[in-house]
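Trainee: Structure below; questions to follow.
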Amino acid sequence: MVKPKRKLKLQHKQQESIPESSKDATPDDLEENVPSLPSCSSQCSDTIKGPGEVISHYNQVLKTFKKVRTMSEAFHRHNVDRGTIAATAPIAELQIAAPKTYSTLVFNPAMETLFAFAKRCASSVNPEIKRSIEDLKARGHLLPILMKY
């Protein structure tokens with residue numbers, strides 16, 4: 007008994023919000039008057055599918071960070087989560103700090119995820135590369151994300 011009453015109330019509220027001129031319109035006519043929603047590409051962050059895209063997003067956020075001086079604002083402007091950048095940062099950091107070491111690693115999307123590849127990149131960081139990464143972060147050439155290598 008409770009469910010039919012709720013349906014009646016909802017139908018009653020819907021009828022109140024419909025303008026008089028639209029009550030006699032067909033469903034096709036009503037669909038034409040509905041404003042379109044903005045596309046997801048303008049509001050949602052894109053799915054990152056490969057290491058190249060990770061590096062591209064990292065560099066975009068880094069460039070914005072240099073301008074706005076806060077990581078949270080840079081992440082917000084690019085509509086990307088801090089955790090996403092932090093989880094995949096070893097890929098970009100290794101590529102920037104040690105391109106030769108990075109080139110030896112091969113990403114196979116059929117066999118591993120980007121997160122697993124990022125872990126593999128982090129595990130290939132030796133003390134020399136770690137010092138280089140820390141130096142680049144201190145000079146502002148990398149995002150100041152704390153990583154445990």
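Numbering (our numbering), first residue to last: 7 to 155.
In this text, a Cβ means the ideal position worked out from N, Cα and C, and glycines have one as well.
Alpha carbons only, please: which of 109, 106, 98 is nearest the one belonging to residue 62?
Mentor: Ranking the options by Cα distance to residue 62, first place goes to 98.
Trainee: So, for residue 107: in the same chain, excluding its five sequence neighbours on each side, which residues have a beta-carbon less than 7 Å away from its beta-carbon?
Mentor: 100, 130, 135, listed in sequence order.
Trainee: Can you give the Cα-Cα distance for residue 103 and residue 148, rounded to whole angstroms?
Mentor: Between residue 103 and residue 148, the C-alpha separation is close to 9 Å.
Trainee: Let me make sure I understand the geometry here. Which of 114, 94, 74 has the alpha-carbon closest to that of residue 64?
Mentor: Of the candidates 114, 94, 74, the one whose C-alpha sits nearest the C-alpha of residue 64 is 94.
Trainee: Output the distance between the C-alpha atoms of residue 81 and residue 92, rounded to the nearest integer angstrom.
Mentor: Spanning the two alpha carbons is a distance of roughly 11 Å.
Trainee: Which residues in the same chain as residue 84 place their Cβ atom closer than 8 Å to its Cβ, once the five residues preceding and following it in sequence are excluded?
Mentor: The residues are 51, 63, 66, 67, 70.
Trainee: Thinking C-alpha only, which one of 55, 56, 54, 96 is nearest residue 143?
Mentor: Selected option, being the one with the closest Cα: 96.
Trainee: If you draw a straight line from the alpha carbon of residue 146 to that of residue 74, how long is it in whole angstroms?
Mentor: Rounded to whole angstroms, residue 146 to residue 74 spans 13 Å at the Cα level.
Trainee: Please classify residue 111: does DSSP put it in a helix, a strand, or coil?
Mentor: Here residue 111 sits in coil by DSSP.
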